[in-house]
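Throughout, my numbering is defined as the position within the sequence shown, counted from one, plus 253. Glycine included, each C-beta is placed from N, C-alpha and C at the ideal position. Bear in mind that the values here come from a model prediction, so they are computed numbers and not experimental data. Working notes for the structure below.
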Amino acid sequence: MQLIKKIMEKKGKEKIVSITAYDYAFARIVEEVGFDFILVGDSLAMVVLGYDSPIYASMQDMLRHTRAVARGARKTLIVGDMPAGSYDTVDQAIENARAFIDAGAKAVKIEGPKKEIIKALVEEGIPVMGHLGLTPQTIHDYRVQGKEKGEADRIKKEAKIVEKAGVFTIILECVPEKLGKEITELVSVPVVGIGAGRFCDGQILVIHDILGLYDKFIPKFAKRYLNLREEIYKALLEFKRDVLKGSFPSDEHVFK
Numbered sequence: 254m255q256l257i258k259k260i261m262e263k264k265g266k267e268k269i270v271s272i273t274a275y276d277y278a279f280a281r282i283v284e285e286v287g288f289d290f291i292l293v294g295d296s297l298a299m300v301v302l303g304y305d306s307p308i309y310a311s312m313q314d315m316l317r318h319t320r321a322v323a324r325g326a327r328k329t330l331i332v333g334d335m336p337a338g339s340y341d342t343v344d345q346a347i348e349n350a351r352a353f354i355d356a357g358a359k360a361v362k363i364e365g366p367k368k369e370i371i372k373a374l375v376e377e378g379i380p381v382m383g384h385l386g387l388t389p390q391t392i393h394d395y396r397v398q399g400k401e402k403g404e405a406d407r408i409k410k411e412a413k414i415v416e417k418a419g420v421f422t423i424i425l426e427c428v429p430e431k432l433g434k435e436i437t438e439l440v441s442v443p444v445v446g447i448g449a450g451r452f453c454d455g456q457i458l459v460i461h462d463i464l465g466l467y468d469k470f471i472p473k474f475a476k477r478y479l480n481l482r483e484e485i486y487k488a489l490l491e492f493k494r495d496v497l498k499g500s501f502p503s504d505e506h507v508f509k
């Protein structure tokens, strides 16, 4: 696939820019700006659906939002995040990954060193993105991973496992910058960091974090470029006041 090939060719040459988004409206804007890929992440369970963990994202949730993003970004690589419990066996993984492809994704993301699952999907012609470091579906202690040597060595080993299994890119989350650099140099596929330092092949953030829409939890690695929540609050408050004092609708908003 040309979009995936283009991303892989950027390894060590040009930074990969990506984002996690969940709906049609934001997907349209992302495509206009021009990002390498959009991840429809299971974090939607938290920032969109109001749960306290991504493990509550269902296949139904993920497919609905994948369809929405695919409708908004028809020329961008869409990656569907396989939710917890959707790839416990090879047969289950293939069935659910195909559902993502049918929904408009061009690839799927899988957490952890699931060698057999990844190989099976790749053999079925379904591109797979890996996800290592802090893997929220199985690690519920939100702390930096790989600070200790043994843990760092394990993550390096996992990177080689998923590379050999056939992933086209690895998301590396919440690890020390030094480890992010080492893993980026260790594998031949692009490493896209989220809290993995400056030396990865690219970066990804959640759109709600960038725009300041989600204030329940703000990761250290996320940079807010806008406080959109505050702007929305102001707009809604102004609308409420206009209605209460009778200044909306005005003459320009009514039919004659």
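Take the alpha-carbon of Leu387 and the one of Pro380: they are about 22 Å apart. In the structure shown, the three-state DSSP call for Ile392 is coil. Shown here for Asp495: same chain residues with a beta carbon closer than 6 Å to its own, the five before and five after excluded, namely Phe501 in chain order.
When secondary structure is reduced to three states using DSSP, Met261 falls in the helix class. Counting C-beta pairs closer than 8 Å gives three or more between the stretch 383-401 and the stretch 295-310, which meets the contact rule. Counting C-beta pairs with one atom in each stretch, the stretch 393-401 and the stretch 365-377 have fewer than three that are closer than 8 Å, which means they do not touch. Where His384 is concerned, the enclosing beta strand (DSSP E) starts and stops at 381-386.
For Asp289, the three-state secondary structure derived from DSSP is coil. It is roughly 36 Å from the alpha-carbon of Asn349 to the alpha-carbon of Ile485. The beta carbon of Ile447 sits closer than 6 Å to those of Glu426, Ile457, all from its chain and outside the five residues before and after it, given in chain order.
Burial check for Gly325: the Cβ neighbour count within 10 Å reaches 16 or more, so the residue is buried. Here Lys328 carries a coil assignment [DSSP, helix/strand/coil]. Counting every other CB atom within 10 Å of its CB across the protein chains shown gives Glu262 a total below 16, marking it as exposed. Contact annotation: the stretch 452-471 touches the stretch 416-436, with at least three C-beta pairs closer than 8 Å. In the DSSP annotation of this structure, Leu302 is not part of any beta strand (DSSP E), being labelled neither H nor E.
A buried status is given to Ala356, since no fewer than 16 other beta-carbon atoms sit within 10 Å of its beta-carbon. In the three-state scheme derived from DSSP, where H, G and I count as helix and E and B as strand, Ile471 is classed as coil. By the Cβ-count criterion, Tyr275 is buried, with 16 or more other Cβ atoms from all chains shown falling within 10 Å of its own Cβ.
Ranked by how close their Cα comes to the Cα of Leu256, the residues Asp504, Ser503, Thr422, Leu432 have Thr422 in first place. Considering only Glu411, Lys359, Ala323, Asp334, the residue with the shortest C-alpha distance to Arg281 is Ala323. Between Val420 and Gly465, the CB-CB gap reaches or exceeds 8 Å.
Residue environment analysis places Val286 among the exposed positions, since fewer than 16 neighbouring C-beta atoms fall within 10 angstroms of its C-beta. Excluding residues up to 5 positions away in sequence, Pro336, Ser339, Asn349, Ala352 lie with their Cβ nearer than 8 Å to the Cβ of Met312 in the same chain.
Between Ile291 and Val301, the C-beta gap is not smaller than 8 Å, which leaves the two residues out of contact. For Leu432, the enclosing alpha helix (DSSP H) has its first and last residue at 430-439. DSSP places Thr319 within a helical segment (H, G or I) once states are collapsed to three.
Counting only runs of 3 or more residues that sit fully inside the stretch 330-356, the beta strand (DSSP E) segments are 330-334, in chain order.
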